[in-house]
Amino acid sequence: MAIVPVIQSAVSAQINKLYQVDLDPSSITVSETKPEFEGDYTVVLFALLKTLKKKPEELGNELGQALVAGNATLFSGFNVIKGFLNLAVSDSFWLQFLKEQYNDPQYGRHPRNGKRVMVEYASPNTNKPLHLGHLRNIFLGWSVAEIYKANGYEVVKTCIANDRGIHICKSMIAWQLFANGATPESTGIKGDHLVGDYYVKFGEELKKQMAPIIEKKQAELLESGKTPEETAKYLHDKKEELEKEAPIMKAAQQMLIDWEAGKPDVVELWRTMNGWVYKGFDETYKRIGANFDKVYYESETYLLGKELVEEGLRKKVFFLKDDGSAWVDLTKDGLDEKIVRRRDGTAVYITQDIGLAEVKKNEFNCDLSIYVVGDEQNYHFKVLKLICQKLGLEGADGIFHLSYGMVELPTGRMKTREGTVVDADDILDEMIRESELKTKEQGKTEGLSEEELKNLYEIIGTGGLKFFLVRVDPKKRMIFNPEESIELHGFTATFVQYTYARSQSVFRKELYTGGEIGAELLPLEKQLIITLERYADIIKQAGDEMNPSVIAGYVFEVAKLYNTFYNEHSILKAESPVKKELRLQINQMTAHVIKSGMALLGIRVPDRM
RNA sequence: GGACCGGUAGCUCAGUUGGAUAGAGCAGCUGCCUUCUAAGCAGCAGGUCAUUGGUUCGAAUCCAAUCCGGUUCACCA
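In UniProt numbering, the protein residues as written are 1 to 609.
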């Protein structure tokens, strides 16, 4: 059992004994004592003063004495400063804890709880390669899934491939017009990039075709007496409408219609080009360790939800407007009216999502269904959950949108049009190249084979990127500074990995035996054990908050403290054999927690670097 | 205009149901390798916690208002 609840119970019990007052143990504030004070844990007394009708000093002293007397194996002393009761936990407690846990490979993980959770993440469009924003999504989603496993859940990782729609048709048209039959094989270009290139090509061609159309419209407007400002505004507002006049846009829209009609050559091309993209994605997924238990394809789900609209109309959750479109009124919930079926009878995005939510529930029956999607869709998911609840769908309450902020560059948002989008493969390559450079500079890898070296560069490079993207609170938008991301000092994966490698270098010389570890702890030894003790709690917190940055911060804290300890006390040249064994066990437990914590972030740690 | 999110050191970020003198990293400055890995350690310096008011033993944290930034409110996905 974790120590904080133990202390809370002890405090609660002593208060009951002393003052005959019943307090819920979890209501008692217990925190780690700040380093500038003596003691290990602090009970904050202020909140108790009123109910117990005591002065702070008085209560602190009475309670402190009772706690030490009543729990001799746990507490070794106390002091009271203002309203804070500082308790010293006896060394024997920590030594016992270390003895039991130092070599447990499952340490920190929680037992199975019988619950099942689905995590949907990544979910790319199939018309262009992955970029930095996807990476934040993927690292986050994958990590949250692992954190849920560590919290005792069974996890189903899913992905929805947005494989149909106007976006892919744009790539297809451009490919037909300009590619001369180019394929990934014939060009040597990775499939997702090749398809993406034609998506860009489409945009360029559209721009070309738009120039005369805009010019003509502009002349018309000015001639009809509009001011230049009015004209500019009109052109801006009606941009999309005007684009529909361009031949290449018309062709793309026709292609979408043909696709929905199942026109064989269109479907064939669609299949081929999506195939290239998937192959490209798979390569990227593989190098970053992303994986899915189940992939849904929008082309198979986009017609879902239509019966649910009928059902919603029957249940009066939805209503019809005069033109035949179906809506839901969410104004009472503080939102707006939202369309769920178009005038022409076709489903909209939200309708598909309602249908897919039902399919997911039927197929996997998860208690919780997490969607890792950017915060620009906050409104959408609020609506989705609300509609599912109103429809009375099973699992509606389990829908949770794990919303994360956009990744920006120091120069601002990434923009396709300005070519500032950071490509996932490019940035990974760069990180790995950089780690190779720095590793060679360090010159500590003598004796490793070519393959081991290549593996090492990858561990450091991809690990660095993952850590960088996952170390900040998901909710917040973050700034990606390329120079900072390849940094190897401070709050980085490399620092933590290096710390692990250090611990392993000790074990290459000598291993723990499981023998005697003595009866006393030096301050740094104790501090490290106290920090390691928090690991299970950290895993729980990260799960409750769906927040991997909790793990990242913790692992960094452990590494920092270990380095201080390592610098201050020699392990192999300890003062006595007992001390050596103690430190070897601390070394082992620290190494395990670092490795395990990093694994929850999808980051591997090397034995040497 | 409505809804939601954010504003903490020069920069990037932490800050547990409100608790002691608000913490890290980077950048800057000063020391420490004949030692288990210096990709490290120790130290110095750096703050109007956006602003104003309120709640109370106590507020970066809760409430209200204001300012600034972002997202969203499509018969797009």
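The beta-carbon is built from N, C-alpha and C at its ideal position, and this holds for glycine as well.
Along the alpha helix (DSSP H) that carries residue i, what are the first and last residues, could you check?
i	result
L582	P577 to L600
A396	Careful: A396 lies outside any alpha helix (DSSP H) and carries neither H nor E.
E120	Careful: E120 lies outside any alpha helix (DSSP H), inside the beta strand (DSSP E) at R116 to E120.
E516	No alpha helix (DSSP H) contains E516, which DSSP labels as neither H nor E.
T187	P184 to T187
A232	P228 to D237
K526	P523 to E533
T462	E450 to V470
Suppose contacts are defined by Cβ-Cβ distances below 8 Å. Is residue i in contact with residue j by that definition?
i	j	result
G305	G355	yes
I138	I370	no
L524	F480	no
T439	M609	yes
I147	G543	yes
P129	D423	yes
D192	F319	no
I460	S435	yes
T158	E204	no
V558	I529	no
D425	T284	yes
T462	L453	no
D323	R343	yes
L522	H569	yes
M414	G464	no
W175	M255	no
N455	T499	no
L488	I551	no
G597	S143	no
L63	V21	no
Q588	N103	yes
P56	K17	no
K216	L235	no
By the three-class DSSP mapping on this structure, what secondary structure does residue i have?
i	result
A2	coil
M431	helix
V195	helix
M255	helix
L409	strand
N162	strand
M609	coil
L488	coil
I603	coil
S505	helix
S171	helix
M249	helix
D426	helix
S570	coil
S549	helix
S143	helix
L511	coil
L402	strand
The beta strand (DSSP E) spanning residue i covers which residue range?
i	result
T416	Taken as a continuous stretch (DSSP letters only), T416 belongs to no beta strand (DSSP E), as it is neither H nor E.
Y153	No beta strand (DSSP E) holds Y153; DSSP gives it neither H nor E.
So does the stretch 109 to 124 actually touch the stretch 153 to 160, counting three or more Cβ pairs closer than 8 Å? yes
Return the chain-ordered ranges of every beta strand (DSSP E) run that is complete within the stretch 326 to 377 and spans a minimum of 3 residues. 326 to 329, 337 to 341 and 368 to 374
Quick test of the definition: if touching needs 3 or more C-beta pairs under 8 Å, does the stretch 81 to 88 touch the stretch 58 to 70? yes
Report yes or no: do the stretch 201 to 211 and the stretch 286 to 302 share at least 3 C-beta pairs separated by less than 8 Å? no
Taking the runs of the beta strand (DSSP E) that are 3 residues or longer, which of them lie wholly in the stretch 77 to 125? 84 to 89 and 116 to 120
For the stretch 89 to 102 and the stretch 512 to 527, state whether three or more C-beta atom pairs, one from each stretch, are separated by less than 8 Å. The answer is yes - the stretch 512 to 527 touches the stretch 89 to 102, with three or more Cβ pairs under 8 Å.
Ordered list of alpha helix (DSSP H) runs contained in the UniProt domain "Arginyl tRNA synthetase N-terminal" (5 to 89), each at least 4 residues: 46 to 52 and 56 to 70, all fully within the UniProt domain "Arginyl tRNA synthetase N-terminal" (5 to 89).
Length-filtered (4 minimum) alpha helix (DSSP H) runs lying within the stretch 259 to 337: 264 to 288, 298 to 301 and 306 to 314, all fully within the stretch 259 to 337.
Given 8 Å as the limit, is there contact between the stretch 164 to 181 and the stretch 245 to 256, that is, 3 or more CB pairs closer than that? yes
Touch check for the stretch 254 to 265 and the stretch 572 to 579: three-plus C-beta pairs under 8 Å? no
Sufficient close CB pairs (3 or more, under 8 Å) joining the stretch 44 to 52 to the stretch 9 to 29: yes
Using 8 Å as the threshold, is the stretch 195 to 202 in touch with the stretch 330 to 337, meaning 3 or more CB pairs across them? no
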